[in-house]
Amino acid sequence: MSISSKVLRDERQRQKKAKQNTKWWKCTNKWNKSSSTPSCALSLLPDDILLNCLASVSKSDHASLSLVNKWLRSLTLSPDLYHVRSLTGCTENCIFLCLSIPSDPFVRWFAFYPKNLNSPGRLVAIRPHLYQPEEGSSVVAHGSGIYIIGGMIGGKRSSRFFFLDGRFHTWSNLPCMGEDRAFAVAGVVDGKIYVFGGCEDPNSDKWGEVFDIEKQTWDVLPKRTKETYSPVMHESFVWKDKYVFSLNEKGDGLLYNPSEGVWRKGKSDAYRPRKGWHVINNVIYCCETGGKILWCQASTSKVMKWKQVMGLEGLKDTLCASKLVNYGWGLPEEKLDDLLPGHKLSNSGPNMLLFWDVLAPKKLEIWCAEISLRWCKAKGEIEIWGKVEWSEVVMTLDPPCPLLQHQHHCKILHSVTLNL
């Protein structure tokens, strides 16, 4: 081949490549300018392939992706996308944190997406529900969302019932309960939400109710016997996905078997009832006086035996300071301290998430730490050791009023985990 022929061939290839690049740039530029026209490349993909591609994108990036154009926004808001994420194993843990902020007239929910260890995400604000009670609501997670049950409105108990869709951050009003409640306990078994206590009248015939999620209806539970009578309940968890266990103000346990419709006495807490329970892999965790994190194995034993999570001594001073912020720098009674914890537990898979507040100079910070948990045996006894994988600020707020710190401070009301 002559040199002139080779040069001509190279020039033709250069022009052809330049022409292809120009077409690609025009197509891409047109996509960026018009929010209603999809990318020429993406639009050629079959829907199932495109959904599989988008399913692997972290939910924390969906907000940015939806800003590209209306077409991609509609895909990120499609229920089909979450169905594909579930089928392909691309779901991820999403944490929802509920805060009561003094400067805000509404209770606020925030989404939190822990990405990877040492690279946590930030709190994303969700449009508030205008009628969510300021305090006393109970919450349960099921499927793709969170159910908010009852609470206090204007000093009175409420029968209102809401649903927050964790996928789309939208609200739904559900049928009200038959009884007004606040500070009730609740659990989900076989697609039904069981709610105990929180009534004005502890002898109410509707002390216990159940909501069928599929039928969207409420029913009254069987009456308790004298042996299982408990006027006020403090905490609850679902054991073996079959039983709802709750604890009253005296530390006595109450067990309800939905399949048999029978109440029984459950295990008791010999020390005193603690608030702020969170269950991870069939183990109950809570925070105690002095900043300790305790654990108790969910079992058939008659007495709840709490042990300290080892290796987290460095958090004790931090958590004690958090409680002082919540109590306006006053030292509460030990009993009150356990009933009103100043921080919340959640989880990201097998790891624990711990949220607390810190009063820094001229600002109030919400902190989060992710703690990995490890089981081991020492002298024949089972121990759980924790390791802080990362710890940092996830939200910054204005500080409370110096003269009214006890009455007006930011409260971490709820923390809920969904797999989306």
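Residue numbers (my numbering): 4 to 423. The C-beta atom is built at its ideal place from N, Cα and C for all residues, glycine as well.
Residue i lies in the beta strand (DSSP E); which residues open and close that run?
i: N176; result: 173-176
i: S63; result: Segment: none, S63 is in no beta strand (DSSP E) and carries neither H nor E.
i: S103; result: 96-103
i: Y197; result: 195-199
i: V282; result: 281-283
i: S239; result: 236-242
i: C371; result: 366-381
i: Y134; result: Where Y134 is concerned, there is no enclosing beta strand (DSSP E), given that its DSSP letter is neither H nor E.
i: V265; result: 265-269
i: T399; result: 384-400
i: Q300; result: 296-300
i: W309; result: No beta strand (DSSP E) contains W309, which DSSP labels as neither H nor E.
i: K347; result: 347-351
i: M155; result: 148-156
i: L70; result: Taken as a continuous stretch (DSSP letters only), L70 belongs to no beta strand (DSSP E), as it is neither H nor E.
i: C179; result: That residue, C179, is in no beta strand (DSSP E); it is neither H nor E in DSSP.
Among the options, which one has its Cα closest to the Cα of residue i?
i: S262; options: M355, S239, K195; result: K195
i: A66; options: C56, L54, L80, S59; result: L80
i: I374; options: L315, C290, G269; result: L315
i: G449; options: Y116, H346, C289, K305; result: An answer regarding residue 449 cannot be provided, because it is not within the stretch 4 to 423 covered by the chain.
i: Y116; options: R170, Y134, F109; result: R170
i: K278; options: A58, I296, F109; result: I296
Nearest-angstrom Cα distance between residue i and residue j?
i: D64; j: E384; result: 44 Å
i: A372; j: M355; result: 8 Å
i: V235; j: Q311; result: 27 Å
i: H417; j: E386; result: 28 Å
i: D341; j: W359; result: Because D341 sits at a pLDDT of 43, beneath the cut-off of 50, its placement in the model cannot be relied upon, and the following sentence gives the value as read from the coordinates. Rounded to whole angstroms, D341 to W359 spans 15 Å at the Cα level.
i: N72; j: L53; result: 15 Å
i: D255; j: S61; result: 43 Å
i: V419; j: V143; result: 8 Å
i: R125; j: L348; result: 17 Å
i: A114; j: C101; result: 9 Å
i: C323; j: I415; result: 15 Å
i: S394; j: W370; result: 7 Å
i: F166; j: S106; result: 25 Å
i: I152; j: K253; result: 24 Å
i: N422; j: N206; result: 38 Å
i: N285; j: V241; result: 9 Å
i: R227; j: N260; result: 12 Å
i: W378; j: W388; result: 6 Å
i: D208; j: V265; result: 15 Å
i: H132; j: A381; result: 49 Å
i: L120; j: N350; result: Only weak support is given to the placement of L120: the predicted model assigns it a pLDDT of 44, under 50, and the value that follows is read from those uncertain coordinates. Approximately 13 Å, taken between the alpha carbons.
i: H86; j: C93; result: 10 Å
Which of the three DSSP states, helix, strand or coil, is assigned to residue i?
i: S77; result: helix
i: S89; result: helix
i: P167; result: Note on residue identity: the sequence assigns Leu, not Pro, to residue 167. In this structure, L167 counts as strand in the three-state DSSP scheme.
i: C323; result: helix
i: G317; result: helix
i: D83; result: helix
Between which two residues does the alpha helix (DSSP H) carrying residue i extend?
i: I52; result: 50-58
CB residue i to CB residue j, shorter than 7 Å?
i: G190; j: S239; result: yes
i: T399; j: K366; result: yes
i: S249; j: V188; result: yes
i: R160; j: D183; result: yes
i: A185; j: G211; result: no
i: S98; j: C413; result: Here the sequence assigns Ile to residue 98, which means Ser is not the residue at that position. No, the pair does not count as a contact, with Cβ atoms beyond the cut-off.
i: Y246; j: L257; result: no
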